[in-house]
Structures are given as structure tokens and as C-alpha cells.
Amino acid sequence: MTQTLTQQTLSHYINGQAVEGKSGRFADVYHPATGEVAAQVPLATAEEVHEAIEIAKQAQIGWAQLNHQRRARILGRFVDLAHENMDELATALSNEHGKTFDDAKGDVQRGLEVIEFCMAAPHLLKGEFSDQTGTGIDTYSMRQPLGVTAGISPFNFPAMIPLWQAGPSLAAGNAFILKPSERDPSVPLMLADLFKQAGMPDGVFQVLNGDKTAVDALLDHPDVEAVGFVGSTPIAQSIYTTAAANGKRAQCFGGAKNHAIIMPDADLDQAADALIGAAFGAAGERCMALSVAVPVGQETADALVAKLAEKAKNLKVGPSLDPTSDFGPVVTAEAKARIEQAIATGVEEGAELVLDGRGVKVEGHENGFYVGATIFDRATKDMTIYTDEIFGPVLTIVRAADFEEALALPSDHKYGNGVAIFTRDGDTAREFTRRVNVGMVGVNVPIPVPIAYYTFGGWKASGFGDLNQHGADAFKFVTRTKTVTSRWPSGVKEDASFIMPIQ
Ligand code: NAD
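Numbering that gives the first Met the number 0 numbers the first residue of the sequence shown as 0 and each following residue consecutively.
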């Protein structure tokens, strides 16, 4: 592999090779565990983006001509290569993002599962056929690639989300341009190299590093047919609006505030363990992290808070590659400052601070971006620690008197990504899953990220657009339907007809 964290200056990946940035503009890439700058990533100009789009456009023609199985075989080889390089990928990912090594492997693995699913694209791309839709007439449809598609991805899953965006696009015969997060760009560059090794033709999968300038260049270019975005809600909404105004397809996924409802009949130990992992794993930097717990009834709340506080205070925050760390640092010094500010605001707003993760020091890593596990109890609906996404290791508890009050909280919240209910009662679970106004639901499962052959997507301010990521939806997003009405006149059996046929 050509790109690793040890390189001081990273590159783009254009037309099958690492290419130096020409803009002279760079962003620092940090090693959050130590606080040091680990590398510099180039920020592409609009011209560099336009060049890559032209290369993609040419490369796509041959790629779309390949039969489905040949494209699928290249994806299969990519999956094998990624497994062979798993430790290297996970180490780079863990170093730049700050999540633990095992969690970083999960990031890669969940991305590869979607690539494996995409190897079944021949099945998903089948059209429909109706015989004899008129006398001597057949009607059939085919799904065809769009051309060049682009993905803009967030820092928190630098392997999984680029692979979710790229897999269906590539399998369907499109060329794909990735604009990854500038916070952790090494893994996307490594993935590009692995695609090349797997036999992907040059120019079909490219990585353009950059910021708003690169994104705007993708959004403004007429040859980019579709844009997938994952990141914060304000940017998701703005990209959705611009892409639509420019005549492009767009699917844009935003922020979250995922609730866990804990019913009085739940197994509280199981629920508390699940909450700890889902609230503090990856330092809370997951769009499906559980950031709000809603215990139902006074007794449930008192018992749950006691268990959570006991478990959370024993968690070890430390360097991401230290196998004894339960979770690592947050991604940047700004993220740490923002999260600590949100905690201070929660105190000012009057929530009860049960556990305070501010000011945590990790020996030997004093400049790392660490925030410890934090728990607020007795928060209310009007507090910003409840209304806003914090995206850090902060769990906010809002007590509910009964099921209806608990159900209303996630349903009325502006975000609608994921939600979970903990109960032993099937009827309660069924009622909840049917009525809750949220896109992905877990029943005694804290982080209900659907498997590759279902679709992933939140509701309300968590998702803009009608088609979700992966599963069958993704193939609709990256293809368009052509419908053919076909008649083969029999020159031998009939003379030419000059009247409108009556069927
Ligand atoms: P972000 O919005 O800051 O950045 C996402 C991407 O947008 C990056 O590639 C970035 O370079 C680009 N970008 C940033 N500002 C831009 C601008 N003004 N114009 C154009 N592009 C811009 O998000 P992040 O901090 O990288 O990721 C965390 C956020 O992503 C959280 O809100 C999290 O909930 C969300 N997220 C959502 C999902 C989901 O599926 N709903 C999944 C993962 C993360």
C-alpha cells in the first residue's frame, strides 16, 4: 500500500495513482491520542476536481460495458485484499480517528459487508419483461448506470461510509469520486489503492481530498449525476438543496439524537451494559450512538442511573491503540472544546451532572483530545443538551412517567435516525416500533444499524432524499430505468400497415 499515516504529505488518488495536490492549500491531520499533527492533506481546487470528473467520465464508458460478473469479481478481489490488509487499515484508521483498534476493524468490516452485498448486483439490476403488451409487442425495462457519481463522507466512519457510497455505484457500472473527510483521509486513500490492486480500471474510483471548494466543484459540475452525502445536518440540507437545484440526484444524511427507552420490565443490567457501549463507544462519535436514555417510572430511573454511574466511572479512556482502553480520544481539539462547552451548558441549564468527563488527563498523553464518560440526569426537553447533537461521550437522561410520554420524546425530536426500546414485553415493543417516528428501531438492541441487504437511513432532520443507503434502495439511487416497447414485424407474414393498430 502506498499511503500510510507516516507520510507527512498526503495526496489525492486520481486515474489509478496517488497525485500530489496542486492548490498549495493543506489541512492538518491530527493524531488525536497525542494531539500531534500527523500529516497534511491537500485541499483540491475546482480545476483538480474538474480534471478528475473528466477522467471519471471517460473511464466509466468501458466500466459500464463490462458484464456484471466481471465487475462483481473485482469487488470480490477487493474484499479479499481488504481482509489481508485489515490490521494496516485498522491501525491507520484508529490513529487518525481515535477509535480503538477493534472498533476500527468493525468500521472496515461493516463497509466490506456492503461490498459483498454489491457483488449480487447482477440480481439487483435485472429489469422487468412483459410479453404481448400489444399484438406482437413486448415491453421491458433495464436499469442503467448514471455515469459519474460522487460521495462526500464524514470523519466518523472513514472506511464504512465511503464503501457504502461507492459499492452500489461501482457495481452498477458508474465511476465514483470520493471526497472524504479532511480529518482522517488516509484510509480512503488506502482503499483506492486496494481497488486498483483488485483490478479496478484507472479512473473508476478516485479520491479528491478537500473542503467546501472541492464539494462545490462537484455540486456545480453538470457531469456529476448523483451525490451521496453523510455528515452534519446543516451541510446535509445545504448539499441536498444545491444538488437538486443543479438537477442532480441527492441522498444526504445528517445528525442524530438517538433515544433508548427503558421500560420498567426491562432487564436493567442488560440495558445498562448496552447503554454504556452505545453511549460511550467510539467516544460517542457515532451517528447511531445512544445519547439519550429515557427510563420509564421513578423506580426504573433511580435503579438505572445508579447502575450507569457505577459502570461508567470505571470506563478507561485512553490511547486508541492501547488494548486496555474502552474508548479513545475525540477527533480534534475543537471537538473536545465543543463537547466540554456543551457539558458546561448542561450544568447551567440545570441538569444534574452525575458524572463529569471534563478535564480528564491520560498519563503520557497530556495533549491528546480526551473527554471522559459524562452522564446528566433529570434533563428536560427544552435543554440544549437534549435538543442538540453533542457527538461526544455524553449520555443525557430524561425521565418519563409512562410509555406514552417516552414514545413522544423520540417521535417529537427534530432528529429521527435511530431509537431503541428495552422491554421484556412483546406487545409493548410492537406498539413502540409501529408508532415511533424514527427511521431505524432496535428492540433490546442498542445500535440497530441494519445489515447490508436492508437499507440505512434516518428520518426528519437526519435524512434528506427518498432513497436510503445500501440494500435495494442504493441500486435505485445509482441507476435509471429505461423502458423499451418492442415490436418485430414479420416481413414475411404481413404487409405494411398504414392504420393505427387497435389492441
Ligand atoms: P461535517 O458535516 O462537518 O463534514 C462532513 C463532510 O462534509 C466532510 O467531508 C466535510 O469536508 C464536508 N464539509 C464540511 N463543511 C462543508 C461545507 N460548508 N460545504 C461543503 N462540504 C462541507 O460532519 P463530520 O463532523 O465529518 O461528521 C459528523 C456528523 O456526521 C455528525 O453530525 C453525525 O451525526 C453525522 N453522521 C451521520 C450519519 C448518518 O448516516 N445519518 C452517519 C455518520 C455521521
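No residue lacks a Cβ here, since even glycine has one placed at the ideal position from N, Cα and C. Just so it is clear, the structure is predicted and the values come from calculations on it, not from any experiment.
Query                                                                                                                                                                     : Result
Would you say the beta carbon of residue 208 comes nearer than 7 Å to a heavy atom of ligand 1?                                                                           : no
What are the complete beta strand (DSSP E) segments, minimum 3 residues, inside the region 239 to 312?                                                                    : 248 to 252, 257 to 261 and 289 to 294
Any heavy atom of ligand 1 closer than 7 Å to the beta-carbon of residue 292?                                                                                             : no
Under three-state DSSP, which class holds residue 486?                                                                                                                    : strand
What is the rounded straight-line gap between the Cα of residue 244 and the Cα of residue 225?                                                                            : 12 Å
In terms of residue numbering, what span does the alpha helix (DSSP H) encompassing residue 97 cover?                                                                     : Where residue 97 is concerned, there is no enclosing alpha helix (DSSP H), given that its DSSP letter is neither H nor E.
Looking at residue 460: is its Cβ nearer than 8 Å to the Cβ of residue 253?                                                                                               : yes
Quick check: residue 45 and residue 212, are their CB atoms within less than 8 Å of each other?                                                                           : yes
Please report the straight-line C-alpha distance between residue 68 and residue 445, rounded to a whole angstrom.                                                         : 37 Å
Closer than 6 Å by C-beta to residue 466: which residues in its own chain qualify, once you throw out the five before and the five after it? Chain order, please.         : 250, 472, 475 and 476
For residue 302 versus residue 370, is the C-beta spacing smaller than 8 Å?                                                                                               : no
Going by beta-carbon coordinates alone, are residue 120 and residue 71 separated by less than 8 Å?                                                                        : yes
Have a look at residue 521 and residue 417 and give me their C-alpha separation to the nearest angstrom.                                                                  : Any question about residue 521 goes unanswered here, given that the chain covers just 0 to 502.
Please classify residue 483: is it buried, with 16 or more other beta-carbons within 10 angstroms of its beta-carbon, or exposed?                                         : exposed
Does the Cβ of residue 31 have 16 or more other Cβ atoms within 10 Å, making it buried, or fewer, making it exposed?                                                      : buried
Starting from residue 337, follow the alpha helix (DSSP H) in both directions and report where the run begins and ends.                                                   : 332 to 348
What does the alpha-carbon distance come out to for the pair residue 114 and residue 189?                                                                                 : 16 Å
Any idea what DSSP makes of residue 25, helix, strand or coil?                                                                                                            : strand
Can you grab the Cα-Cα spacing for the pair residue 503 / residue 313, in whole Å?                                                                                        : Lying before the first or after the last residue shown, residue 503 is absent from the chain, which here runs from 0 to 502.
State the DSSP-derived secondary structure class of residue 214, mapped to helix, strand or coil.                                                                         : helix
Anyone know if the C-beta pair for residue 449 and residue 258 falls short of 8 Å?                                                                                        : no
How about residue 51 and residue 162: are their beta carbons less than 8 Å apart?                                                                                         : no
Are the CB atoms of residue 294 and residue 396 within a distance shorter than 8 Å?                                                                                       : yes
At the level of alpha carbons, what is the spacing between residue 255 and residue 388?                                                                                   : 6 Å
Return the chain-ordered list of same chain residues with a C-beta closer than 8 Å to the C-beta of residue 37, the five sequence neighbours on each side being excluded. : 4, 28, 29, 30, 94 and 95
Please indicate yes or no: does the CB of residue 36 lie closer than 7 Å to some heavy atom of ligand 1?                                                                  : no
For residue 308, which option in 263, 393 and 182 has the closest C-alpha, if you only look at C-alpha atoms?                                                             : 393
Who pairs with residue 38 in a beta bridge, going by DSSP?                                                                                                                : 28
Out of 108, 141, 376 and 372, which one is the CA nearest neighbour of residue 124?                                                                                       : 141
Under a three-way DSSP split, which group does residue 398 fall into?                                                                                                     : coil
On the CB-based measure, 16 or more other CB atoms within 10 Å of its CB, does residue 128 come out buried or exposed?                                                    : exposed
Relative to the alpha-carbon of residue 391, which residue among 11, 214 and 287 has its alpha-carbon at the smallest distance?                                           : 287
Just to confirm, does residue 231 get its C-beta within under 7 Å of one of the non-hydrogen atoms of ligand 1?                                                           : yes
Could you pull out every residue in the same chain whose Cβ sits closer than 7 Å to the Cβ of residue 405, ignoring the five residues on either side in sequence?         : 260, 293, 295 and 399
CB residue 99 to CB residue 324, shorter than 8 Å?                                                                                                                        : yes
By how many angstroms is the C-alpha of residue 179 removed from the C-alpha of residue 458?                                                                              : 24 Å
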